[in-house]
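Written out below as structure tokens is the structure these notes cover.
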Amino acid sequence: MGVWNFKREWLAIRRAIRFGDMAPASGWANAEAGDGPFAGIVRILRRWDLNLDDVLATFNVQRLTPSKVQNPTDENTIRLRQELSRLRLDNDAVWRREEERVEKMKFLLEKHKDKQSAPPDTDLAVDYDTIKTYFNSPLLLKIPYLFLCWLLDVLYNERPIQRFWFLETVARMPYFAYISMLHLYETLGWWRVGVEVRRVHFAEEWNEMHHLFIMESLGGDQAWFDRFLARHAAIVYYWVVIFLFLISPTWAYNFSELVEWHATDTYAEFVEQNKDRLKRLPAPAVALEYYNGGDLYLFDEFQSSRPAESRRPNIDNLYDVFVTIRDDELEHVKTMSACQRLESAMKSPNAAAAAAGLAPWAEPDKEEEPAGAK
Numbered sequence: 001m002g003v004w005n006f007k008r009e010w011l012a013i014r015r016a017i018r019f020g021d022m023a024p025a026s027g028w029a030n031a032e033a034g035d036g037p038f039a040g041i042v043r044i045l046r047r048w049d050l051n052l053d054d055v056l057a058t059f060n061v062q063r064l065t066p067s068k069v070q071n072p073t074d075e076n077t078i079r080l081r082q083e084l085s086r087l088r089l090d091n092d093a094v095w096r097r098e099e100e101r102v103e104k105m106k107f108l109l110e111k112h113k114d115k116q117s118a119p120p121d122t123d124l125a126v127d128y129d130t131i132k133t134y135f136n137s138p139l140l141l142k143i144p145y146l147f148l149c150w151l152l153d154v155l156y157n158e159r160p161i162q163r164f165w166f167l168e169t170v171a172r173m174p175y176f177a178y179i180s181m182l183h184l185y186e187t188l189g190w191w192r193v194g195v196e197v198r199r200v201h202f203a204e205e206w207n208e209m210h211h212l213f214i215m216e217s218l219g220g221d222q223a224w225f226d227r228f229l230a231r232h233a234a235i236v237y238y239w240v241v242i243f244l245f246l247i248s249p250t251w252a253y254n255f256s257e258l259v260e261w262h263a264t265d266t267y268a269e270f271v272e273q274n275k276d277r278l279k280r281l282p283a284p285a286v287a288l289e290y291y292n293g294g295d296l297y298l299f300d301e302f303q304s305s306r307p308a309e310s311r312r313p314n315i316d317n318l319y320d321v322f323v324t325i326r327d328d329e330l331e332h333v334k335t336m337s338a339c340q341r342l343e344s345a346m347k348s349p350n351a352a353a354a355a356a357g358l359a360p361w362a363e364p365d366k367e368e369e370p371a372g373a374k
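Residue numbers (full-length UniProt numbering): 1 to 374.
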């Protein structure tokens, strides 16, 4: 497997250098246009690879050619790619949306500070406790959070699908980290209350994995540069969350709450800016299978703020897909907020539904006394 992966990555790097897919349309390595901070380096590497091709050809090694993914011939695929390339995301608009949300949350927090229920006039679709946990972030968490958001803005400006693929690649890591740490706690005999929490975290990771599959189906992982960056960032992010969990599980959950809120705002802005175009594009098969399939157990499991089977998205086009992903991210926000509240244990939605369904069997009906019996 190691040899196979090395060969695959070696060819992918060479194709990225030779055929210009280091970071398409990003401006970071646009050798043809002669601009971008890495354009000169890419041109040098391209010349070296051409010379390497000549040397290998003397040993009857086939010359390097573009992959079928890089050069599709199917007209429908070409048309869909052209439509997807026209999708836009305004970074400044995302930040304005986030600032407006934070201001509204501050207002509601002050207005309803003496109440323990959801503010009646909020359209944020979160309860009062979720609003409170958002503002518990120390500076130690806010600095890396802002850096991560800035990095996404710089690297993926005007490339929303690639940005979302990167985001969903790293978004799975916290749930891997939480499960690892909860397993460690249980192994050491420190804490066993997290059994149901692990179920919820697995379902959260399963949800993010399908978001990732959707972005892959839209071509978000085509560039070698994006794959390299996302996968290495994911490894770093995993250990950052492990470190935070070692210091304070509450901090680890709070950091994820910040990231999930930003993802919610980003997807919300994206669907608003591209509504008409998204409605003309078909939904990927993986989205239809996940959201409209017959087995929605894990889909229900990660939504700890609502009863099982209470949310069933209707997917007709790509707009519906992104609206549903936006709503998924908000459900992650609520779950991350709930994990920070020590006064209440996390409950599995499916376990709660099963317990409610089995309640009538807790006290079996008494057998009716036969007629005439004394």
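Built from N, CA and C at the ideal position, the CB exists for glycine as well. The model shown is predicted, which means the values in this text are computed figures rather than measured ones.
Cβ-Cβ separation, residue j to residue i (assumed contact under 8 Å), whole Å
i           : j      : result
Phe255      : Ala177 : The Cβ separation is near 11 Å, so there is no contact.
His211      : Glu168 : 4 Å
residue 377 : Thr130 : In the structure as shown, the chain starts at 1 and stops at 374, and residue 377 therefore has no counterpart that could be examined.
Met346      : Val200 : 6 Å
Gln273      : Asp90  : 6 Å
Ile235      : Ser180 : Actually they are not in contact, since the Cβ atoms of Ile235 and Ser180 sit about 13 Å apart, beyond 8 Å.
Val170      : Tyr237 : 5 Å
Thr266      : Tyr291 : About 20 Å separates the two Cβ atoms, so there is no contact after all.
Glu309      : Arg97  : With 8 Å as the limit, Glu309 and Arg97 do not qualify as a contact, their Cβ atoms being about 31 Å apart.
Best match in the options for proximity to residue i [C-alpha to C-alpha]
i           : options                        : result
Asp276      : Tyr319, Ser304, Phe299         : Tyr319
Glu103      : Asn51, Ile78, Ser85, Lys132    : Lys132
Leu155      : Leu229, Asp74, Leu330          : Leu229
residue 410 : Cys339, Pro284, Arg311         : This structure cannot settle anything about residue 410, because the visible part of the chain is limited to 1 through 374.
Lys68       : Ala57, Phe19, Asp295, Glu83    : Phe19
Glu83       : Trp206, Asp221, Ile161         : Ile161
Tyr128      : Ser137, Ser337, Glu216         : Ser337
Ala263      : Pro282, Ala234, Val61, His332  : His332
Leu17       : Glu269, Tyr175, Ala223, Lys142 : Note that residue 17 is Ile in the sequence shown, not Leu. Closest option to Ile17, Cα to Cα, is Ala223.
Leu45       : Asn60, Arg15, Arg81            : Arg15
Val240      : Pro282, Tyr290, Pro174         : Pro174
Leu281      : Ala308, Phe302, Leu218         : Leu218
Glu99       : Leu258, Leu11, Thr65           : Leu258
Phe299      : His112, Leu184, Glu205         : Glu205
Ser304      : Leu139, Val126, Ala285, Arg101 : Val126
Pro249      : Pro313, Leu182, Phe59, Ala285  : Leu182
Ile247      : Asn51, Arg86, Pro138, Gly40    : Pro138
Met209      : Asp328, Phe147, Leu148, Asn136 : Asp328
Leu11       : Arg163, Tyr134, Thr65          : Thr65
Between the CA atoms of residue j and residue i - distance to the nearest angstrom
i           : j      : result
Pro120      : Met105 : Interpretation of Pro120 is limited by its pLDDT of 47, a score under 50 that renders its predicted location unreliable; no figure is taken from the coordinates.
Asp316      : Arg306 : 24 Å
Arg172      : Asp49  : 35 Å
Pro349      : Ala356 : 11 Å
Asn30       : Ile214 : Annotation note: pLDDT 48 at Asn30 (below 50); position unreliable, coordinate value reported separately. Taking the straight line from one Cα to the other gives about 27 Å.
Arg79       : Asp221 : 18 Å
Glu9        : Arg227 : 10 Å
Trp361      : Glu75  : Reliability of the predicted coordinates at Trp361 is poor, the pLDDT of 40 falling under 50, and no value is obtained from them.
Trp191      : Trp95  : 39 Å
Gly27       : Leu152 : Low confidence applies here, because Gly27 scores a pLDDT of 46, under 50, leaving its location unreliable and the question unanswered by this model.
Phe302      : Asn207 : 8 Å
Gly189      : Val195 : 13 Å
Leu141      : Ala352 : 33 Å
Gln340      : Arg231 : 28 Å
Thr73       : Trp4   : 27 Å
Lys7        : Ala233 : 22 Å
Ala283      : Glu289 : 10 Å
Ile13       : Leu108 : 51 Å
Pro313      : Ala285 : 15 Å
residue 386 : Trp150 : This structure gives no information on residue 386, because the portion of the chain shown stretches from 1 to 374.
Phe101      : Lys111 : In the sequence under discussion, the amino acid at residue 101 is Arg, which differs from the Phe named in the question. If I take the Cα positions, the gap works out to 15 Å.
Asn136      : Ile143 : 14 Å
Tyr134      : Arg163 : 24 Å
Buried/exposed call for residue i, threshold 16 Cβ in 10 Å
i      : result
Phe322 : buried
Ile225 : A quick correction: the sequence has Phe, not Ile, at residue 225. Buried is the call here.
Trp165 : buried
Trp251 : buried
Ala203 : buried
Gly294 : exposed
Ala287 : buried
Leu330 : buried
Arg47  : exposed
Leu146 : exposed
Arg86  : exposed
Arg81  : exposed
Leu148 : buried
C-beta atoms of residue i and residue j nearer than 8 Å
i      : j      : result
Arg63  : Asp53  : yes
Arg326 : Val271 : yes
Arg88  : Glu158 : yes
is_contact[residue i, chain B] using C-beta, thresh 8 Å
i      : result
Ala234 : Any reference to chain B falls outside this structure, which holds one protein chain only.
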